[in-house]
Amino acid sequence: MNQFDQINKNFEHKFAKENPRMLHYLFETQDVLPFWIADMDFTVAEPITKELKRLVDRSIYAYEFDAQSIFKAIVEWNKNRHNLFLDYKNFIQIPGVLTGIALLIRELTELGDGILIQTPVYHQFAQVIKKSGRKIIQNPLQIVDGEYKIDFIDLEQKLQSGKVKMILLCNPHNPIGRVWKLEELQKVVDLANQYNVRIISDEIHSDIIYSGHQFTSILSFNDSKHIALLGSPAKTFGMQSISNGYLYISDDETREQLKHTVESMHLNHGNAFTTFATIAAYQKGGPWLDDLISYLEETLSWIKEYLKKELPLITMYPAEGTYQIWLDFTKLNLSDDELKDFLVKKAKLGFAPGSWFDQNYGQFMRMNIASPLIKIQNAFKRLKTVYDENL
362 MNQFDQINKN FEHKFAKENP RMLHYLFETQ DVLPFWIADM DFTVAEPITK ELKRLVDRSI
422 YAYEFDAQSI FKAIVEWNKN RHNLFLDYKN FIQIPGVLTG IALLIRELTE LGDGILIQTP
482 VYHQFAQVIK KSGRKIIQNP LQIVDGEYKI DFIDLEQKLQ SGKVKMILLC NPHNPIGRVW
542 KLEELQKVVD LANQYNVRII SDEIHSDIIY SGHQFTSILS FNDSKHIALL GSPAKTFGMQ
602 SISNGYLYIS DDETREQLKH TVESMHLNHG NAFTTFATIA AYQKGGPWLD DLISYLEETL
662 SWIKEYLKKE LPLITMYPAE GTYQIWLDFT KLNLSDDELK DFLVKKAKLG FAPGSWFDQN
722 YGQFMRMNIA SPLIKIQNAF KRLKTVYDEN L
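With this note's numbering applied, the sequence shown corresponds to residues 362 to 752, in that order.
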């Protein structure tokens, strides 16, 4: 049996994905098969578990802090995985990516400033912007020949207005799964430099990249002093509850400003479990990740064929990265409420509604496929049954 085929039911109701109260809050019922949140159903890489067990067996949990070892592990990982050469001195440890986004917005922009996002996009971006007292400015992505593209004409118009002080990128893009190409990012960087706008790039999904696609980090454009990157091992290694995040800023002045704020608020202190797990993941988790990506590609292939043969009115957009897929139900000709009834009440499936990511996407759903294939197959067979009975 493939390691990723194993159904792990240990403590399932302790996790947000399966928690009955959470499911009832989101779907008004707990009787759904959940695929709504971006975490994995898989056990983590064995080296991570071994290191955590070694830490537990130590039975002494005195003060310790080893951020430099974490940063050096991240540097080596990026060199070997992405041919990206980083300086460990440019890192700042933070509690998580969203914390970093909030810090960057508050430190580098003023109340009322515009922050540009490319919708549909991870819904927490909008929440962080609003709660920071800034204004959301949308640069909606365009669907061209079945693929999402950046609307550069609209982007430049928004930057020309002078209202945008920061671009918040998502690469790979959640929820649509695009991995932005070098030339696309180059255009964004050139426009940002032209109009003196900062770029903040959330690259938390950057290690889940599928065959035929190449990830380009925003840090590849080191000629810009207005760039900051946010990352974390959380998505790559399924460590959401035991990992921190990190900021990478090449510009000395900006980095020192952020570092001062982070240290003054004591946000840079990790814990031993985070340290042990992160170093083990980046130093020894590569083979596990390779196997994971291969498994996800097999899952994607199965879904693509099943939709083509059995559910032709449901469209899956091309998945280039992340372990989430973007499903279009528009051709079913259902209202948003009817689609919710179709999926939740009839098929008993808990997807992330497209309206989370943009209010205009009520006919779309994001589905997390980081689950055993049999669970994915069960979901689509439920869809097929309801599809045949109602359409």
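C-beta atoms are modelled at their ideal positions from N, C-alpha and C, and glycine is treated no differently. If you're wondering where the values come from, they're calculated on a predicted model, not measured in any experiment.
Can you confirm whether the stretch 564-579 touches the stretch 592-611 when touching is taken to mean that 3 or more C-beta pairs between the two stretches lie within less than 8 Å? yes
Residue interval of the alpha helix (DSSP H) (run including residue 619): It spans 613-625 - the alpha helix (DSSP H) in which residue 619 sits, taken as one unbroken run.
Please say whether residue 493 and residue 467 have beta carbons closer to each other than 8 Å? yes
Grab the span of the alpha helix (DSSP H) containing residue 545 for me, first residue to last. 543-555
Within 7 Å: the Cβ of residue 411 and any heavy atom of the ligand ZN? Judged by which ligands are present, the structure shown has none, so any question about the ligand ZN falls away.
Can you confirm whether the stretch 494-514 touches the stretch 660-675 when touching is taken to mean that 3 or more C-beta pairs between the two stretches lie within less than 8 Å? no
Under the three-state DSSP convention, the category residue 673 falls into: coil
Looking only at C-alpha atoms, which of 505, 571, 740 and 547 sits nearest to residue 581? For residue 581, the nearest C-alpha among the options comes from 547.
Per the DSSP calculation, residue 521 is bridged to which residue(s)? Note: residue 521 sits in no beta bridge, so no partner.
Local Cβ density within 10 Å of residue 681, reported as buried at 16 or more and exposed below that: Counting C-beta atoms within 10 angstroms of its own C-beta, residue 681 has 16 or more neighbours from the protein chains shown and is therefore classed as buried.
Identify the residues that DSSP records as bridge partners of residue 527: which are they? DSSP, once it has assigned bridges, lists 476 and 559 as partnering residue 527.
Which one or two residues does DSSP pair with residue 713 in a beta bridge? 727
Give the secondary structure of residue 407 by DSSP, where H, G and I count as helix, E and B as strand, and everything else as coil. In the three-state reduction of the DSSP assignment, residue 407 falls in the helix class.
Where does residue 498 sit, in a helix, a strand or coil, going by DSSP? strand
Can you give me the C-alpha to C-alpha distance between residue 616 and residue 451, rounded to a whole angstrom? Between residue 616 and residue 451, the C-alpha separation is close to 7 Å.
Where does residue 569 sit, in a helix, a strand or coil, going by DSSP? coil
With contact counted as at least three CB pairs below 8 Å, one residue from each stretch, are the stretch 648-655 and the stretch 607-616 in contact? no
Which residues in the same chain have their Cβ closer than 6 Å to the Cβ of residue 486, if we skip the five residues on either side of it in sequence? Hits under 6 Å: 478 and 529.
What is the rounded straight-line gap between the Cα of residue 321 and the Cα of residue 379? The displayed coordinates of the chain run from 362 to 752. Any statement about residue 321 would go beyond what the structure contains.
Is residue 690 near residue 726, with beta carbons less than 8 Å apart? A contact, by the Cβ cut-off of 8 Å.
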